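In short: position in the sequence shown from 1, add 1, done, that's this note's numbering. Single-structure report; data block below.
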Amino acid sequence: MGRFGNQADHFLGALGFAKALNRTLVLPPWVEYRTGETRSIQIPFDTYFNVSKVQECHKAMLMHDFMDNLAPTIWPLKERVSFCYSPRGKGESCNAKEGNPFGPFWDTYNIDFVKSEFYGPLHYDVYHTDMAIQWKQKYPSKIWPIIAFTGAPASFPVQFENKELHKCLEWNETIQKKAKAFVKNVLPKGAYIGIHLRNGIDWVRACEYTSMTPNLFAAPQCLGYRNERGKATTAMCLPSFDVILRHIKRIIRNNNDVRSIFVASDNNYMIEELTNSLARMQVQVFRQTDPVSPHLDLAILGRANYFIGNCISSFSAFVARERDVKGYPIYFWGFPPERSSPSISREEL
Numbered sequence: 002m003g004r005f006g007n008q009a010d011h012f013l014g015a016l017g018f019a020k021a022l023n024r025t026l027v028l029p030p031w032v033e034y035r036t037g038e039t040r041s042i043q044i045p046f047d048t049y050f051n052v053s054k055v056q057e058c059h060k061a062m063l064m065h066d067f068m069d070n071l072a073p074t075i076w077p078l079k080e081r082v083s084f085c086y087s088p089r090g091k092g093e094s095c096n097a098k099e100g101n102p103f104g105p106f107w108d109t110y111n112i113d114f115v116k117s118e119f120y121g122p123l124h125y126d127v128y129h130t131d132m133a134i135q136w137k138q139k140y141p142s143k144i145w146p147i148i149a150f151t152g153a154p155a156s157f158p159v160q161f162e163n164k165e166l167h168k169c170l171e172w173n174e175t176i177q178k179k180a181k182a183f184v185k186n187v188l189p190k191g192a193y194i195g196i197h198l199r200n201g202i203d204w205v206r207a208c209e210y211t212s213m214t215p216n217l218f219a220a221p222q223c224l225g226y227r228n229e230r231g232k233a234t235t236a237m238c239l240p241s242f243d244v245i246l247r248h249i250k251r252i253i254r255n256n257n258d259v260r261s262i263f264v265a266s267d268n269n270y271m272i273e274e275l276t277n278s279l280a281r282m283q284v285q286v287f288r289q290t291d292p293v294s295p296h297l298d299l300a301i302l303g304r305a306n307y308f309i310g311n312c313i314s315s316f317s318a319f320v321a322r323e324r325d326v327k328g329y330p331i332y333f334w335g336f337p338p339e340r341s342s343p344s345i346s347r348e349e350l
């Protein structure tokens with residue numbers, strides 16, 4: 002599911018780029034990988050999100066609407082050019098369809114490219130230079146009505162200036178109804194804390210690099226883009242159960258309305274451990290039953306009274322941006338760094 006978090010970062014960057022160039026954004030499908038499938042699957046943008054909300058921010062349309070209604074006229078087969086910074090793979094070509102998900106992505110819409118266009122040294126940062134002007138001058142819309150990038154015109158993690166564009170991402174009615182129903186029918190009445198536990202084996206391995214990569218993955222959401230608020234730590238990336246429990250109990254003690262915990266995880270939900278540890282506080286612990294929808298997890302976390310996420314995870318970053326737009330409280334494991342252990346009250350354990 003980290004893949005979705007990364008794609009969301011790229012979407013915000015692409016939206017910011019399209020706004021700066023004053024070009025309509027064709028809303029791409031979300032790329033998903035299903036167990037047993039060798040090729041990625043493309044899920045229409047509006048399966049999860051409201052197109053109308055994006056359109057309130059900027060001109061946009063769904064990919065299949067563009068291909069069905071406009072592409073035959075303004076992007077004929079003989080004029081389909083793929084854009085990339087420099088040659089990719091073998092030969093002087095973008096090789097736009099080479100690999101997974103690239104091939105399946107374009108094949109979904111029966112798109113083949115007749116040639117490549119290398120746009121280097123232009124880049125995607127349209128906020129700190131006259132880069133948008135340079136793009137418009139080199140690729141005027143009258144001559145280049147369509148710019149089809151091999152990859153998203155965006156950076157990861159999301160550029161600071163594009164974070165506020167999360168206000169343009171709104172869960173569609175189907176997802177919102179499911180989230181409301183879960184909270185109403187599964188969780189007890191009262192406030193709940195949403196927590197994200199990232200602890201799968203791939204994540205454990207990634208966290209081994211925190212000391213060598215002080216701004217790993219989505220860490221800038223906590224530490225700043227130049228590490229002005231410190232460096233990544235193991236407690237931020239892979240918090241111990243003691244750290245997790247301390248954070249949760251602190252919120253419960255400071256807010257007498259908490260009645261339950263909702264857990265989203267990629268591996269170990271720690272349901273039994275949390276249930277036993279919070280029994281005296283009369284706080285229950287819940288998760289989705291299998292099969293889990295990561296998007297529903299995100300929606301439930303986004304509407305929680307309180308949220309504790311992972312500084313390093315783009316999945317948590319999605320929730321944090323949504324909550325930031327709404328003005329909801331956000332906390333992170335291990336951040337800010339705790340004082341030395343002797344000063345931590347045993348009451349918190």
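Note that CB positions come from ideal geometry on N, CA and C, so glycine has one too. For clarity, every value in this text was computed on a predicted model and none was experimentally measured.
Helix, strand or coil at residue i [DSSP, three-state]
{"i": "Arg247", "result": "helix"}
{"i": "Ile253", "result": "helix"}
{"i": "Ser117", "result": "strand"}
{"i": "His197", "result": "strand"}
{"i": "Phe157", "result": "coil"}
{"i": "Met213", "result": "coil"}
{"i": "Ile147", "result": "coil"}
{"i": "Val320", "result": "helix"}
{"i": "Ala28", "result": "Before going on, a small fix: residue 28 reads as Leu here, not Ala. Residue state, collapsed to three classes: strand."}
{"i": "Glu174", "result": "helix"}
{"i": "Glu33", "result": "strand"}
{"i": "Ile331", "result": "coil"}
{"i": "Ile112", "result": "coil"}
{"i": "Phe336", "result": "strand"}
{"i": "Ala192", "result": "strand"}
{"i": "Arg347", "result": "Bear in mind that a pLDDT of 46 at Arg347, under 50, signals an unreliable position, so the model cannot answer this."}
Nearest neighbour of residue i, chosen from the options [CA to CA]
{"i": "Lys181", "options": "Leu275, Ala300, Ser314", "result": "Ala300"}
{"i": "Pro30", "options": "Glu38, Gly17, Thr48", "result": "Thr48"}
{"i": "Ala153", "options": "Glu229, Phe218, Tyr86, Tyr307", "result": "Tyr86"}
{"i": "Lys190", "options": "Ser261, Tyr125, Val159", "result": "Ser261"}
{"i": "Leu16", "options": "Asn163, Met132, Pro88", "result": "Asn163"}
{"i": "Cys95", "options": "His124, Lys143, Pro337, Phe119", "result": "Phe119"}
{"i": "Ala149", "options": "Arg81, Met213, Val205, Leu275", "result": "Arg81"}
{"i": "Lys20", "options": "Glu339, Cys58, Val159, Pro146", "result": "Cys58"}
{"i": "Ser266", "options": "His248, Pro141, Leu239", "result": "Leu239"}
{"i": "Gly310", "options": "Phe106, Asn256, Ala236, Lys179", "result": "Ala236"}
{"i": "Trp334", "options": "Gln160, Gly195, Ala9, Asp203", "result": "Gly195"}
{"i": "Leu78", "options": "Ile112, Leu63, Lys91, Val55", "result": "Ile112"}
{"i": "Cys208", "options": "Tyr193, Arg230, Thr234", "result": "Thr234"}
{"i": "Pro146", "options": "Arg35, Leu13, Asn23, His129", "result": "Asn23"}
{"i": "Val259", "options": "Gln285, Glu174, Ala192, Tyr210", "result": "Ala192"}
{"i": "Phe5", "options": "Pro337, Ile331, Leu297, Asn306", "result": "Leu297"}
{"i": "Phe106", "options": "Phe46, Asp131, Ser41", "result": "Ser41"}
{"i": "Met62", "options": "Thr74, Phe46, Pro122", "result": "Phe46"}
{"i": "Lys91", "options": "Pro158, Glu38, Asn186, Ser117", "result": "Ser117"}
{"i": "Phe287", "options": "Met132, Ile75, Val184, Glu165", "result": "Val184"}
{"i": "Glu273", "options": "Gly231, Phe242, Trp76", "result": "Phe242"}
{"i": "Val27", "options": "Phe67, Asn51, Leu224, Glu38", "result": "Phe67"}
Where the beta strand (DSSP E) containing residue i begins and where it ends
{"i": "Ile272", "result": "Premise fails: Ile272 lies in the alpha helix (DSSP H), 272-279, not in any beta strand (DSSP E)."}
{"i": "Ser261", "result": "259-266"}
{"i": "Ala61", "result": "61-63"}
{"i": "Gly310", "result": "307-310"}
{"i": "Val284", "result": "Unbroken run through Val284: none, as it is neither H nor E."}
Where the alpha helix (DSSP H) containing residue i begins and where it ends
{"i": "Gly14", "result": "3-22"}
{"i": "Ala207", "result": "202-208"}
{"i": "Glu83", "result": "Going by the sequence as given, residue 83 is Ser instead of Glu. First-last for Ser83: 82-85, but that is the beta strand (DSSP E), not the alpha helix (DSSP H)."}
{"i": "Ile313", "result": "Segment: none, Ile313 is in no alpha helix (DSSP H) and carries neither H nor E."}
{"i": "Thr234", "result": "Element bounds for Thr234: n/a, residue is neither H nor E."}
{"i": "Trp76", "result": "Neither: Trp76 is in no alpha helix (DSSP H) and is coded neither H nor E."}
{"i": "Lys139", "result": "132-139"}
{"i": "Gly303", "result": "295-303"}
{"i": "Val52", "result": "52-58"}
{"i": "Cys223", "result": "221-224"}
Within-8 Å CB hit, residue i to chain C
{"i": "Gly90", "result": "The structure shown has no chain C; it contains just one protein chain."}
Is it the case that the region 136-145 contacts the region 100-117, given that we only count it when at least three CB pairs across the two stretches are under 8 Å? Counting Cβ pairs under 8 Å, fewer than three are found: no touch.
So, do the region 198-208 and the region 310-317 have three or more beta carbon pairs nearer to each other than 8 Å? Yes, the region 198-208 is in contact with the region 310-317.
Taking contact to mean at least 3 C-beta pairs separated by less than 8 Å, is the region 319-326 in contact with the region 285-305? yes
Does the region 290-298 touch the region 212-223, meaning 3 or more C-beta pairs lie closer than 8 Å? Fewer than three beta-carbon pairs drawn from the region 212-223 and the region 290-298 are found closer than 8 Å, and the two stretches are therefore not classed as touching.
For the region 240-250 against the region 266-280, do three or more pairs of beta-carbon atoms, one drawn from each stretch, fall closer than 8 Å, so that the two count as touching? Cβ pair count under 8 Å is three or more, so yes.
So, does the region 3-11 touch the region 31-43, judging by three or more C-beta pairs under 8 Å? yes
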